[in-house]
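Notes to accompany the following structure.
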Ligand SMILES: NC(=O)c1ccc[n+]([C@@H]2O[C@H](COP(=O)([O-])OP(=O)(O)OC[C@H]3O[C@@H](n4cnc5c(N)ncnc54)[C@H](O)[C@@H]3O)[C@@H](O)[C@H]2O)c1
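In this note's numbering, the protein residues as written are 1 to 438.
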């Protein structure tokens with residue numbers, strides 16, 4: 001099939017490259033001309049394991065193309081994906097202006113070509129929203145096209161939320177737990193089924209509004225699980241239990257399951273924080289106050305602060321302390337630092353007077369933060385009064401801890417991700433502080 005993808009971020013580029021890998025012919029468009037130039041040269045603008053190989057394979061096979069011109073995506077494509085960002089506004093509401101811009105752009109191109117082509121008929125288009133958007137966005141996109149005079153029989157708007165995870169995005173796209181397709185007519189359902197047929201995946205068909213909510217509800221549920229476990233960890237510290245043991249005991253219950261039970265310093269990234277507040281806002285705008293979402297969000301806002309207090313308590317204040325921070329990305333296997341707890345923690349420690357040296361396997365700079373970057377974890381810890389573990393990269397799980405101890409000025413490890421065993425760390429002679437393990 002001929003596919004267009006608008007937006008070449010984590011979702012758009014993975015979608016485009018993977019669909020091309022499945023044999024479709026895909027044109028990816030981005031308004032960021034620098035990004036498009038990079039992509040044309042075969043360079044991937046962000047870190048995502050396996051993506052470069054997938055892109056190169058499809059470019060070489062002439063199934064994947066890049067452009068910054070919307071027209072080049074729209075005219076030939078049978079299916080057009082919208083995969084642009086929907087960041088939070090100051091009040092938490094999702095900013096859907098990029099989705100609206102794209103919808104207006106599509107409508108304009110279609111209108112121009114629809115009126116020109118009384119001879120050659122404009123083909124049927126399925127416009128698929130992959131961006132995470134508030135319930136009702138499908139109707140808004142449909143209205144934009146209708147207002148431009150595009151006949152309803154010429155297009156369908158579909159909601160097909162994306163569930164990939166940064167760090168394993170290619171594999172998640174190729175082996176999804178499920179594909180959700182929200183549409184209002186069978187022709188669109190059938191086209192999307194055909195598009196995804198090579199994945200042999202479980203596809204569920206829903207209304208557009210249900211599909212839109214499935215995405216928010218899924219992310220909000222996972223975020224709530226994390227906040228719940230962080231609260232359990234905080235209770236563990238008060239009562240003397242160990243949250244890792246508690247999580248193991250809970251996770252073996254099939255009704256609960258093992259995933260997303262790790263306590264830590266709070267969730268971050270470009271999805272959970274914004275999707276929880278966007279859902280809260282959506283509910284409020286319909287006259288409903290969600291107490292659970294409110295609590296999940298508040299608990300998350302507290303968790304990184306509790307960690308900073310732990311650092312201060314362990315070091316007798318942060319003022320004048322030289323601290324190494326290991327890990328900057330919001331989770332391992334990605335370079336994404338959007339809403340990363342690391343940034344909030346470092347900012348607060350700098351405000352408190354600490355001097356920070358950081359190391360991350362892929363993040364090599366953070367704009368706007370006054371910190372030194374080290375070339376490797378050992379350089380980062382050299383001469384420091386403590387090291388704090390912020391992202392659970394595998395590299396940190398395998399550190400030579402004897403060497404770390406010999407390089408640190410004081411043998412203090414404050415672990416926000418429970419990477420190490422408290423017993424082992426104490427036996428090695430560290431002052432070791434972690435989360436939910438007294
Ligand atoms: N990142 C994730 O893990 C993830 C997972 C599932 C869903 N989502 C959702 O998918 C959407 C995209 O997320 P992302 O992380 O890929 O965003 P991103 O910020 O990485 O990429 C968005 C891209 O869209 C481009 N863009 C913006 N406006 C445009 C326009 N008018 N025309 C053309 N291109 C335009 C930007 O230049 C950018 O390259 C969001 O709604 C997000 O919530 C993200």
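C-beta atoms are modelled at their ideal positions from N, C-alpha and C, and glycine is treated no differently.
{"query": "Unbroken stretches of the beta strand (DSSP E), 3 residues or longer, contained in the stretch 40-111", "result": "64-67, 79-82"}
{"query": "Whole runs of the alpha helix (DSSP H) within the stretch 209-276, excluding any shorter than 4 residues", "result": "243-251"}
{"query": "Beta-carbon contacts of residue 281 that lie in its chain and below 6 Å, excluding the five residues immediately before and after", "result": "92, 93"}
{"query": "Limits of the alpha helix (DSSP H) - the one that residue 342 falls within", "result": "341-351"}
{"query": "Nearest residue (CA-CA) to residue 221, options 271, 409, 420", "result": "271"}
{"query": "CA-to-CA distance, residue 134 to residue 337, given in whole angstroms", "result": "24 Å"}
{"query": "Same chain, Cβ closer than 7 Å to residue 401, five either side skipped, listed in chain order", "result": "428"}
{"query": "Best match in 279, 285, 355, 127 for proximity to residue 83 [C-alpha to C-alpha]", "result": "127"}
{"query": "Helix, strand or coil at residue 402 [DSSP, three-state]", "result": "helix"}
{"query": "At least three beta-carbon pairs within less than 8 Å, the stretch 57-68 to the stretch 97-112", "result": "no"}
{"query": "For residue 129: DSSP bridge partner residues", "result": "82, 159"}
{"query": "Test item: CB-CB of residue 156 and residue 188 under 8 Å", "result": "yes"}
{"query": "Ligand 1 heavy atom lying under 7 Å from the CB of residue 271", "result": "yes"}
{"query": "Sufficient close CB pairs (3 or more, under 8 Å) joining the stretch 361-379 to the stretch 298-309", "result": "no"}
{"query": "Ligand 1 heavy atom lying under 7 Å from the CB of residue 98", "result": "yes"}
{"query": "Contiguous beta strand (DSSP E) assignments of at least 3 residues, all confined to the stretch 285-361", "result": "322-326, 355-359"}
{"query": "Alpha helix (DSSP H) segment containing residue 17, residue limits", "result": "10-21"}
{"query": "Residue 246 and residue 232 closer than 8 Å at C-beta", "result": "yes"}
{"query": "Nearest candidate by alpha-carbon position, reference residue 227, set 261, 369, 146, 437", "result": "261"}
{"query": "Residues near residue 206 in its chain [Cβ-Cβ closer than 6 Å; skip 5 each side]", "result": "182"}
{"query": "Local conformation of residue 188 per DSSP, three classes", "result": "helix"}
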